[in-house]
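Before any comments, here is the structure.
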Amino acid sequence: MKEFGSLLGYSIGMEQEKSEHFKGPRNSAVTWMQILPTVSAYVRSMILNYHDSEDIIQNIAVIFAEKYDRLDPSREVLPWILRIARYEVVNYFRSKGRERIIFDEKVLRRIERAYHVIHGESEGIKKALHTCIESLNDRPRHVLKLRYFREMEIRDISQRLGLSSNAVYIILCRVRESLANCVQKRIGVHWKVT
Amino acid sequence: MTDPIALIHLYIDERLTPEQANELRSRLLEDADFAQLFARYGLLNSCIRNEFLEEDIKESIERFIAPASADIGPNADPSDTAQVATESIMKPEKSDVDKVHQIKAQAERQLQAFLAEQRASRSQSSLPRASFNLYEVCLACATKLDNLLKRFVTIGVRAAICGVFVLVMLGGIHYWHTHRVVATLDDSSHAVWRAPRQGSQLRRGSMTLEQGYAQLTFKQGAEVLIQAPCTFELQSSNRMALENGSMTANVPSQAVGFRVQTPWATVVDYGTEFGLSTGQTNGAEVHVFEGSVGVGDVTSSQVATEGQAAHVDQAGCIGLKSLDDCPNLFVRHMPKADSCFGIPGKRLDLADVVGGGNGFGTGVQGQALDPTKDDSCFVSRGTILRRPLNNSGYRAGSGFIGIERLPFIDGVFVPNGSDPSTTITSTGLLFQDCPNTHGTYYDGIVCGAVFDDQYVHAGHLAGHRYETPGQPSIGASANVGITFDLDSIRASMSNCLISRFQAHCGISETLADIQEEEDYARVKVTFWVLVDGRINYSRELGTDPFESDQIDIPLNPSDRFLTLITTTPQENLYCWSMFAEPALELEREHR
């Protein structure tokens, strides 16, 4: 379901700035678009399987669409939807019978809070990243695309490119790191490392 | 302590050790700055994925719009359509309002067609639906969109944006509908696919497994074991079509309603395990191991319950019978590597067929065919040994016995040239050059050659011991004959050719362990292989020294009966003759 969910966000995103001038009730689609990057990132942080995470984002979108009109207008939307996302993630772990070594409910709450704090940076990161990715050379871009779009395991990428798994992992780390540096430079925010 | 950024990279690429996982957890709990760093990298990671998705979506929209360009309108230049859409995406403020209306009209037509298709699909299904209902979501989106359009259609620029929104949404639906992942490939054994496969995520579409086995799990939970040769189509997270081939399905409660469409009938699982086989010419066969399934089409249907088999013939008639009256056609669990000699699409094990199996490991070792008992021919070897002997300590033959229960076997017999009608097939073919024998046998034709004198043991040929399904054999102590029905075997494997028969034959060398040389040195057995009554191989093999031979006979598509015979002129209890690794070699039929 990934394409449909992302697409909805993408298409509304094009008119996001203009739509703020629209009259009428608070536009749920525009709100969804504003919180979607943070919600997606939150879910994808915990659920690394691409398709499972997209299914969960889609579920959250449906819940959002169903319940948004009944939400108290004075309430902030992001904490509410992140809490829903947390329930969905917990249910997912439960349905999989997976031992939650890292992400028990306490850790999920911490991460939820962190996403709430950095939410304001999401639009800037998105825009900066667009430019940063364009500046990548073909080879790292290709590796990135195999991993993030073709959803290939590192092992499969290594076989395809005739490299060791470790070499592919190092390429991915370096590309992500260079993108992180590029983004920080463009948005003028230094990500604090403790 | 691991570097914090390295720790995050290791996590993203699923390379954390358990210790590092604990470290990550502690840091997330104890260090708010680290949690924010984790979130920022999570956001970056998510945005990278979106970047590539959006890039693909743009291409997808262009592909989606282009073929429909002729429908845009009588005055529109079809070649402009994709360009108009692209321009609209990139520069909506410069788009022409008329063109936007044309795009909108086209988009609405596409949406209506899509929704009509969804409605039709819904009306055919009386089953519970998956948790996410695309139809409802589309309908809701369409309604909201319509309201939006009513409000903005008078404003050219915004109408352009809305028109593009429709197209983008439809492009997404189209893309999602055709590219979504519906199942995963969990395991495979000796698998050869017609088209090379990448990764374990399986999207909608047709697949052909030419050799071996593949284990799939549908998104809704149904586990399916595919046996080659098999052409099938993944249709949704709980639905597939089996064009030809065999499969077994294990359906947990959350996937009840799992549906398999065949050329002859649709099978709906009501839980929990069934086998299904179908082809282009021979109808469909369903065996229910647990729970129940519905079999049929819109005109008629039947429910087959646990322990029943349903056969749907070419006319669509459905017949039910007990599984006890059927051969074991279905492999229910992924075989362990090298545990089976028969490999679907490559090699069919005839010893397994003698054991009541499908040639790929479903037969039972020790099962045997008694060539004189019409009504209870297919029994264990022990049962045959308990049956009465004649005065000289043997069992006398009684003519050709047809075996209806095992479709791959035409029949069994005791060869004897002094009998003027040694019939070897159900169609009345004779073994014209059959030598004179005493017309007697001892323990029939056995899946897994075992012999007993002082102790029961597996047969040996040329120093090899044949006792496991991975090293199968047929025990055929002279005088016995068995005829396999090659047409029936071919019918069970669509698009597959039987190219050769191969086996290793001889007298078990274990004879030397239990008899004095002067006794066993006299034992001689002639091994025969006939194809449609014609002798293709015959050789007398003895025990002084122990001889064995490799049989290799090419087979044509028109050959119907393959007959294996052992004869001996002596009446000797120790004619421990056997066919080791008896195989039909298979090839893909190229049309």
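Taken in sequence, the protein lines are chains U and V.
Adding 1 to a residue's 1-based position in the first sequence gives its number in this note's numbering.
Adding 59 to a residue's 1-based position in the second sequence gives its number in this note's numbering.
For each residue, glycine too, the CB sits at the ideal point set by N, CA and C.
The DSSP-derived three-state label of U/Arg140 is helix.
Contact annotation: in the region 446 to 468 of chain V, no residue has its CB less than 8 Å from a CB in chain U. Taking each of V/Gly416, V/Ile612 and V/Gln373 in turn and checking the Cα distance to V/Asp384, the smallest one comes out for V/Gly416. When 7 Å is used as the limit between beta carbons, U/Leu173 is near these residues of chain V: Asp72, in chain order. A Cβ-Cβ separation of about 18 Å leaves V/Gly101 out of contact with U/Ser179 under the 8 Å criterion.
The beta carbons of V/Glu292 and V/Ser265 sit closer together than 8 Å.
For U/Tyr69 and V/Phe111, the gap between their C-alpha atoms comes out near 29 Å.
For the C-beta of U/Ser179, not a single chain V residue is nearer than 8 Å; the gap to the nearest is close to 11 Å. Contact annotation for U/Glu152 against chain V: Gly258 and Gln260 [CB-CB distance below 8 Å, chain order]. Using a CB distance cut-off of 8 Å, V/Gly264 does not count as an interface residue toward chain U.
Looking from the CA of V/Glu644, the closest CA among V/Ile548, V/Asn595 and V/Glu606 belongs to V/Ile548.
Any Cβ of chain V closer than 8 Å to the Cβ of U/Tyr116 would place that residue at the interface, and such an atom is present.
For V/Tyr329, there is no enclosing alpha helix (DSSP H); the enclosing beta strand (DSSP E) has its first and last residue at Thr325 to Thr337. Using a Cβ-Cβ distance cut-off of 8 Å, the region 278 to 285 of chain V and the region 297 to 305 of chain V are in contact, since at least three pairs of beta carbons, one from each stretch, lie closer than that value. The region 390 to 410 of chain V and the region 485 to 493 of chain V do not touch, with fewer than 3 CB-CB distances between them shorter than 8 Å.
With respect to chain U, the C-beta atom of V/Gly342 has no partner C-beta closer than 8 Å. Selection V/Glu599, V/Leu69, V/Val347 and V/Tyr514 evaluated against V/Asp572 yields V/Tyr514 as nearest (Cα-Cα). Any Cβ of chain U closer than 8 Å to the Cβ of V/Ala98 would place that residue at the interface, and such an atom is present. Between V/Asp433 and V/Gly503, the gap from beta carbon to beta carbon reaches 8 Å or more. Per DSSP, reduced to three states, the secondary structure at V/Asn341 is coil, with no helix or strand assignment. Between V/His346 and V/Gly334, the gap from beta carbon to beta carbon is short of 8 Å. For V/Ala314, the closest of V/Thr276, V/Gln320, V/Glu344 and V/Ala343 by C-alpha to C-alpha distance is V/Thr276. For a Cβ distance threshold of 7 Å, residue set His52 of chain U lies close to V/Val240, ordered along the chain. Listed by position along chain U, the residues whose Cβ is nearer than 9 Å to that of V/Asn297 form an empty set, because the closest Cβ is around 14 Å away. Within 10 angstroms of the beta-carbon of U/Asp56 lie 16 or more other beta-carbons, which makes it buried. In this structure, V/Val584 lies away from V/Leu570, with their beta-carbon atoms at least 8 Å apart. With fewer than 16 other Cβ atoms from the protein chains shown falling within 10 Å of its own Cβ, U/Asn182 counts as exposed. Bounds of any beta strand (DSSP E) do not take in U/Phe94; it lies within the alpha helix (DSSP H) bounded by Val78 to Lys97.
Sequence-ordered contacts of the region 129 to 156 of chain U with chain V read Leu130, His131, Ile134, Leu145, Lys146, Tyr149, Phe150, Arg151, Glu152, Met153, Glu154 and Ile155 [C-beta pairs closer than 8 Å]. DSSP, reduced to helix, strand and coil, places V/Ser381 within a strand of the structure shown.
The Cβ of V/Glu269 sits no closer than 8 Å to any Cβ of chain U.
In the three-state reduction of the DSSP assignment, V/Leu75 falls in the coil class.
When the five nearest sequence neighbours on each side are left out, the beta carbons in the same chain lying within less than 7 Å of the beta carbon of V/Asp478 are those of Gly498, in order along the chain. Our two residues, V/Ile462 and U/Gln160, have alpha carbons roughly 51 Å apart in a direct line.
Residue pairing by DSSP puts V/Lys583 in a beta bridge opposite V/Gly601. V/His519 places its beta carbon less than 8 Å from that of V/Glu568.
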